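One structure is given here, and the rest of the page talks about it.
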Amino acid sequence: MKKASVPCPLCLSNTFIHLFSFVNPRSIGAKRLYYEKCKFCTLTRIHPMLKVNELESLYSDVEYFEKLAKPIATPFLNAILSIRFFPEYDEYVEKHTSKGSLLDIGCGNGEFAEKMLLRGWSVQCIEKSIVAAKRAEKRIGIGKIKVGEVTEVDLKSSFDVITAWHVLEHVPNPSEFVHKIGLWLKPKGKFIFELPNADSINLWLFRQYYSWLMVPEHIFYYSPQSIAKLLDLAGLHVVEFSFPTRAILNFSLSVRKIVAQKIGTFVANILFIVSLPLSLLEALLASLTGRSEVVRVVASKN
């Protein structure tokens with residue numbers, strides 16, 4: 006454990022536990038990075054964090070959002086990934102609330118917002134990337150997207166539901182972010198979101214070889230404990246945690262990553278194929294025990 010120069014943004018503790026370090030795979034940011042966990046609220050963060058101008062450069066890259074939009078080319082892997090035991094985002098939102106007004110934060114290329122429009126919702130979006138916002142406009146129409154940081158955007162409307170799918174792990178100032186959520190939600194409104202699970206068994210098993218370790222843009226990893234702490238800062242309370250079986254190939258992908266670096270790609274590819282049944286089984290067991298790759302959260306305004 007060590008005393009950090011920058012306190013935890015959730016509980017203001019200065020005591021952090023060093024978890025693991027690694028070489029930065031990107032040309033942006035420091036050459037060597039590490040993750041550390043707050044001793045008290047369990048928030049996990051990267052160090053050193055990207056500077057503001059570095060973050061802007063990262064998300065203004067056209068290729069960043071093109072990669073997100075690309076489907077997996079292999080039909081075999083597509084068939085496996087089509088297996089699911091959990092509702093899609095649009096289904097999940099309608100399971101927990103009635104139709105109304107919705108604000109989607111970090112709308113990316115606009116796929117989810119388009120689905121909600123087709124379901125009859127009144128939809129607005131916030132997206133920090135001009136590149137992604139232009140893509141989303143082609144799906145949902147001009148005038149429905151505010152471009153900028155959540156903490157800097159001014160909205161006069163309030164909403165029945167606010168969503169943020171895999172956004173919070175990218176946010177450098179989470180307490181300010183959720184404060185805005187609290188201001189924009191109607192009384193009894195719902196904040197529904199999903200993010201990587203800091204308690205993922207694969208993350209702690211493979212550490213720097215974890216296939217979903219998106220660095221340096223994944224600034225924070227949240228556990229249910231730190232999520233509840235963050236929401237409390239904005240006057241929100243947790244209605245439901247769920248742990249869907251998303252990213253069901255992460256075990257096999259992580260095996261391939263570590264073996265490729267230590268032995269070679271030929272052996273790594275063989276082990277990837279051989280381990281696929283184990284990866285599916287692991288994903289199901291992790292979901293049942295709250296150790297899956299993601300946490301999906303429904304929160305309500307107090």
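For the sequence shown, the positions run 6 to 307 when the numbering used here is used.
Don't be surprised by glycine CBs; every beta carbon is placed ideally from N, CA and C.
Note that the coordinates shown come from a computational prediction; the quantities given were computed from them, not determined experimentally.
Cβ separation of F182 and V155, assumed to be a contact under 8 Å, to the nearest whole Å: Here residue 182 is taken as the residue at index 177 of the sequence shown, counted from 1. Here residue 155 is taken as the residue at index 150 of the sequence shown, counted from 1. F182 to V155, Cβ: 5 Å. Contact.
Alpha helix (DSSP H) runs wholly inside the region 210-245, at least 4 long, in chain order: Secondary structure remark: continuous alpha helix (DSSP H) runs of at least 4 residues inside the region 210-245, in chain order: 229-237.
Residue nearest to N114 in terms of C-alpha spacing, selected from V128, S257, S228 and E132: Numbered from 1 along the sequence shown, position 109 holds the residue referred to as residue 114. For the residues V128, S257, S228 and E132, the minimum Cα distance to N114 belongs to E132.
D109 - partner residues in DSSP beta bridges: By one-based count along the sequence shown, residue 109 stands at place 104. D109 has C130 and T168 as its beta-bridge partners, per DSSP.
Inter-residue Cα distance where the pair is S10 and A273: As a working mapping, residue 10 is identified with position 5 in the sequence shown. As a working mapping, residue 273 is identified with position 268 in the sequence shown. Straight-line Cα distance between these residues: approximately 40 Å.
Cross-strand partners of V303 (DSSP beta bridge): For the purposes of this step, residue 303 is taken as the residue at position 298 of the sequence shown. Bridge partners of V303: I197 and E245.
Inter-stretch contact at 8 Å, needing at least 3 Cβ pairs: the region 99-119 / the region 187-203: A contact exists between the region 99-119 and the region 187-203.
Whole-Å CB distance - I150 paired with C112, under 8 Å assumed: Along the sequence shown, read from residue 1 onward, the residue named residue 150 stands at position 145. Along the sequence shown, read from residue 1 onward, the residue named residue 112 stands at position 107. Right, their Cβ atoms sit about 7 Å apart.
N- and C-terminal bounds of the alpha helix (DSSP H) containing V279: Along the sequence shown, read from residue 1 onward, the residue named residue 279 stands at position 274. Counting along the chain, the alpha helix (DSSP H) containing V279 begins and ends at T270 to V279.
Best match in A35, P92 and V28 for proximity to L266 [C-alpha to C-alpha]: Against the sequence shown, residue 266 aligns to sequence position 261. The sequence shown places Gln at residue 266, not Leu. The candidate whose alpha carbon is nearest that of Q266 is V28.
Close Cβ partners of F117 (< 8 Å) along its chain, the five nearest in sequence each way excluded: Reading the sequence shown from its first residue, position 112 is the one you call residue 117. If the five residues before and after F117 are omitted, its C-beta is found closer than 8 Å to the C-beta atoms of Y94, D95, D109, T168 and W170, all from its own chain and listed in chain order.
K195 versus G269: straight-line alpha-carbon distance, rounded: To locate residue 195, count along the sequence shown from 1; it is residue 190. To locate residue 269, count along the sequence shown from 1; it is residue 264. Between the alpha carbons of K195 and G269 lies a distance of about 48 Å.
DSSP three-state assignment for F27, whether helix, strand or coil: As a working note, residue 27 is residue 22 in the sequence shown. Here F27 sits in strand by DSSP.
One or two residues paired with R144 in a DSSP bridge: In the sequence shown, the residue the question calls residue 144 occupies position 139. Answer is none; R144 lacks a bridge partner.
Residue range of the alpha helix (DSSP H) that includes A181: The count along the sequence shown starts at 1 and reaches residue 181 at position 176. Ala is not the amino acid found at residue 181; the sequence shown has Glu there. Unbroken alpha helix (DSSP H) run through E181: P179 to W189.
Straight-line Cα distance separating S32 from K100: Within the sequence shown, the letter at position 95 stands for residue 100. Within the sequence shown, the letter at position 27 stands for residue 32. Between K100 and S32, the C-alpha separation is close to 42 Å.
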